[in-house]
Structures are given as structure tokens and as C-alpha cells.
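S.K.:
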Amino acid sequence: MAAGLDRASSRRIKTTHKKPPMIHLARRSRAARHVRPLATTIAALLACAPAVSFAGWYEIANYTGTIGNAPVHVSLQTYDAINHNDAGRWRVDGSYYYDAHRKPIPLRGQREPDGRLTLCEASSPASNADAPVVPAASPSRPKPCPIALTVSGKAATGTWDDGRKTLPITLNEVGRLNDTDDPHPQLDGSVNIPMWYRTKTHMLVGVYALSDKCGVAMQSLRAVNIATGRVDRTIALDCDAGMVMTSIYANVTGAHWADHVSVEFRDGKMGYAEDVSLGLPSSSSKPK
-2 MAAGLDRASS
8 RRIKTTHKKP
18 PMIHLARRSR
28 AARHVRPLAT
38 TIAALLACAP
48 AVSFAGWYEI
58 ANYTGTIGNA
68 PVHVSLQTYD
78 AINHNDAGRW
88 RVDGSYYYDA
98 HRKPIPLRGQ
108 REPDGRLTLC
118 EASSPASNAD
128 APVVPAASPS
138 RPKPCPIALT
148 VSGKAATGTW
158 DDGRKTLPIT
168 LNEVGRLNDT
178 DDPHPQLDGS
188 VNIPMWYRTK
198 THMLVGVYAL
208 SDKCGVAMQS
218 LRAVNIATGR
228 VDRTIALDCD
238 AGMVMTSIYA
248 NVTGAHWADH
258 VSVEFRDGKM
268 GYAEDVSLGL
278 PSSSSKPK
């Protein structure tokens, strides 16, 4: 069903994203913290260990389920590890889409210690790919924060209530990513991340994987046809893709070049962006 896997054609551009100081410290490599005195020991460790190891800040849970009778995919990011000692630990970011429409909706919200979540839907035109904006209440949108969920284990239930109608929500976890524990990053199940940015005709999905070579990273980027659901292009990415922006959903944005998107790459310093070709007709790569 999907088109063949292609190596990304890209153009590197200058770094424009600065990490928060706290996060910058969290990304220091394991090698910098553990220095062995014997060269033979170092050689043995390098032969066996992953090529890259970072303590990160991503805590992601992916779900599938329904809102009312409509099938949905939901991805949520929490911040318990990196913001453990301040109010930021209760922040939630997310992205979800209805399977019938395939247009990701950015989420911003809060969670409670008992597992309850309140999630707001950002909207255009005020929003952009790395800074979603939740609109104020209005007659057309009486409740900008329509989602109330309670997470229990690998399930979440609740309601979607926009002030005009109320629908039940039932979700089941299908994937989880947690790279906050440097020696033991976790990736279970399907961690396909619907990016906040999309083009006029394609949803962009980052496929995250855990490997000895790259550690946790966005292994590839899928361009999913909004009209048909077909994966029109899968672009293979080098190590360290999709691991820079605080919100994982902001690691892909628009680019200056036609038929390109900008993908964030980690490099142990500030990170950098590369313009990656989608290999689609130029009209398909225009932003929404």
C-alpha cells in the first residue's frame, strides 16, 4: 500500500532553535559522565554500546479508539520527568486526528495527579506548527477545551464536549516512548507521531524507533494522503532526527523550498534543521 522507502534528500540550514538550559543539560551524553581509565575497557564498551545515548525529555503515549462512533488516533506527551519539581510537570501536549479526515488537531492541556486530563484544541489561523494557539471561547466554540479524559493503566475514557454536544471517548494505548532514563530508553508498540504541521494534501507522521545505531529517533517520515489515506511517500532519516523540540509534534515544520519540510536533528549542542524533500508534486507540499 505504501510507496517505497527513500533516503531523504535534504539541505542543511543554520540552527535556529535554542534548548531551555535545563533540557540542554539533560541531553549530555552518557560518555561524558562515565570515563573509564583503561583503554581496553573503553574499546569493549564502544563495540557493544549504542552509537548514541542521550537522556531526553520525551514521555509519549499513543492511543487508538473512538470519539462517539468516529475512530481516532491520539498521541499525548507529558512532562513528569523533566519538570518534576515545578508546575510544568502537569503540562500536556498532544496531537489527534479522526481516521476519516486525517488532519491532525494540536492539543494543549493539563493533567491532575489522579490521572485526569483537560485538553484544549488549537486552531488556525493563529496557530503555526511549533506554537499552537488555543482560541478564546466564542459563540461558534463555546468550550475551546472540549476533551476530558481519565487515564487508568493502558486505557483512557472520558468525554468530548464543545458546549453544543457531548460524545463519549474510549481509548486504548498502542505505543509508548520514554527516553528520560539515559541507560534504559523505552519504546513499546507503535509510536507513529502525527506532526502538528501538515501540507494542503498530506498528513506528516514521524515513525519513531529504538535501535543500537541511533538510540531513540524518528526513523522515517510518512506523507499520508489526506484524501485517500495512502502513504504516498516514506522518507528514511538519519540518526538523531525528530529529537530537538520540547514538544515532539513540533519537530517537523514548513520549509522555504517547494516540496520540502524542515526536520529537526539533535547534534549534542543546539540541534539543527534540515530541509527534506517530500518527493511530491509541488502543489501537494503547500501548507494547509
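Per our numbering, residue -2 is the first one in the sequence shown, and the count goes up by one each step.
For each residue, glycine too, the CB sits at the ideal point set by N, CA and C.
Please read all numbers here as calculations on a predicted model, not as lab measurements.
From the DSSP output, read off the bridge partner residues of E261.
M.R.: The partner list for E261 (beta bridge, DSSP) reads A270.
S.K.: If you run the structure through DSSP and keep just helix, strand and coil, what is I64?
M.R.: Here I64 sits in strand by DSSP.
S.K.: Given 8 Å as the limit, is there contact between the segment 188 to 204 and the segment 223 to 235, that is, 3 or more CB pairs closer than that?
M.R.: Yes, the segment 188 to 204 is in contact with the segment 223 to 235.
S.K.: Between L146 and the rest of its own chain, which residues show a CB-CB distance below 6 Å, the 5 nearest in sequence each way excluded?
M.R.: For L146, where only same-chain residues beyond five positions count, the Cβ hits under 6 Å are L114, A153 and G155.
S.K.: What residue range does the beta strand (DSSP E) around P103 cover?
M.R.: Looking at the DSSP string, the run of the beta strand (DSSP E) that includes P103 is I102 to R108.
S.K.: What separation, rounded to the nearest whole angstrom, lies between the Cα atoms of R138 and I166?
M.R.: Between R138 and I166, the C-alpha separation is close to 19 Å.
S.K.: Among all the DSSP beta bridges, which residues are the ones paired with G160?
M.R.: Its beta-bridge partners do not exist; DSSP assigns none.
S.K.: When you compare the segment 73 to 88 with the segment 53 to 60, are there three or more beta-carbon pairs, one atom per stretch, that lie closer than 8 Å?
M.R.: Judged by Cβ distances under 8 Å, the segment 73 to 88 makes contact with the segment 53 to 60, as three or more pairs qualify.
S.K.: For the 8 Å Cβ check, are there 3 or more pairs between the segment 82 to 102 and the segment 179 to 194?
M.R.: Touching, yes.
S.K.: What do you get for G112, buried or exposed, if any count of 16 or more other CB atoms within 10 angstroms of its CB means buried?
M.R.: It counts as exposed.
S.K.: Am I right that Y205 and V188 are in contact with their C-beta atoms under 8 Å? What's the rounded C-beta distance?
M.R.: Right, the Cβ-Cβ distance comes to about 4 Å (below 8 Å), so this counts as a contact.
S.K.: Got a sec, what are the start and stop residues for the beta strand (DSSP E) W193 sits in?
M.R.: Residues N189 to R195.
S.K.: Whose CA, out of P136, K140 and D127, lies closest to the CA of G160?
M.R.: Residue K140 is the option with its Cα nearest to G160.
S.K.: Taking C-alpha atoms, which residue in K151, P129 and P143 lies nearest to E170?
M.R.: Nearest of K151, P129 and P143 to E170, Cα basis: K151.
S.K.: My output table needs one value for I144: the three-state DSSP class, helix, strand or coil.
M.R.: Reduced to three states, the DSSP call for I144 is strand.
S.K.: So the beta strand (DSSP E) M242 belongs to, where does it begin and stop?
M.R.: Unbroken run through M242: none, as it is neither H nor E.
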